[in-house]
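Peer 1:
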Amino acid sequence: MRPAVTGEIYQIGELAARSGVTPDTLRYYERVGLLRKPPRTGGGFRMYTADAVERLRFIKQAQSVGLTLHEIRDLLGYQTSGGLTRCRQVRDMLRAKLAELQARLVELQEFQRTLSDYFQDCERTLSRAGARATPAEPDCPVIETLRTTKR
Numbered sequence: 007m008r009p010a011v012t013g014e015i016y017q018i019g020e021l022a023a024r025s026g027v028t029p030d031t032l033r034y035y036e037r038v039g040l041l042r043k044p045p046r047t048g049g050g051f052r053m054y055t056a057d058a059v060e061r062l063r064f065i066k067q068a069q070s071v072g073l074t075l076h077e078i079r080d081l082l083g084y085q086t087s088g089g090l091t092r093c094r095q096v097r098d099m100l101r102a103k104l105a106e107l108q109a110r111l112v113e114l115q116e117f118q119r120t121l122s123d124y125f126q127d128c129e130r131t132l133s134r135a136g137a138r139a140t141p142a143e144p145d146c147p148v149i150e151t152l153r154t155t156k157r
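Using the working numbering, read the sequence shown as starting at 7 and increasing by one per residue.
1) Could you check the C-alpha separation between residue 40 and residue 86 for me, to the nearest Å?
2) Name, in chain order, the residues that DSSP records as bridge partners for residue 52.
3) Alpha helix (DSSP H) containing residue 103: first to last residue?
4) Within the same chain, show all residues whose beta-carbon is closer than 6 Å to that of residue 131, passing over the 5 residues directly before and after it, in chain order.
5) Sorted by chain position, which residues of the same chain lie with C-beta nearer than 6 Å to residue 4's C-beta, five sequence neighbours on each side aside?
6) Which value, in whole angstroms, describes the spacing of the CA atoms of residue 43 and residue 80?
7) Leaving aside the five residues before and after residue 56 along the sequence, list all residues of the same chain whose C-beta is less than 8 Å from its C-beta, in chain order.
Dropping the structure here:
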């Protein structure tokens, strides 16, 4: 016997297939509060509605712009706020996310410079050695640098 729910109903496998996630993901989303616990049949089967489909679409869209599940849960919680309060909450979250992204970009630029320097070291070594490379040649400068540098 199905619970009294109106509209289209999906069991967990149907919702998972429709939403492009696994049933385990749906269960996890329920446990962490991203997805509301659905009513169940007498046999214990979860019965999801179109609201769950829309919520999963929202979650996936938020993930696609780099938000974490924790941030998405916060966003979903902001839906209970109204108008400008909700907008301020979202703005504050995005401000923090942008600051985090900026810090990550700085780290990535430093990483890129380091790799570029290593690449150039290899190029110079190989260019100097040319066709005369022998087993007695010095080791790759990058390997030596990584072996001896302490961070």
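Glycine residues also receive a C-beta, built at the ideal position from the N, C-alpha and C atoms.
Peer 2: Once the coordinates are examined:
1) 14 Å
2) In the DSSP output, where bridge partners are listed per residue, residue 52 has 46.
3) Counted as a single uninterrupted DSSP element, the alpha helix (DSSP H) harbouring residue 103 occupies residues 89 to 135.
4) Excluding positions up to five away in sequence, the list reads 147.
5) In the structure as shown, the chain starts at 7 and stops at 157, and residue 4 therefore has no counterpart that could be examined.
6) 17 Å
7) Closer than 8 Å at the Cβ level, and outside the excluded window around residue 56, lie 13, 14.
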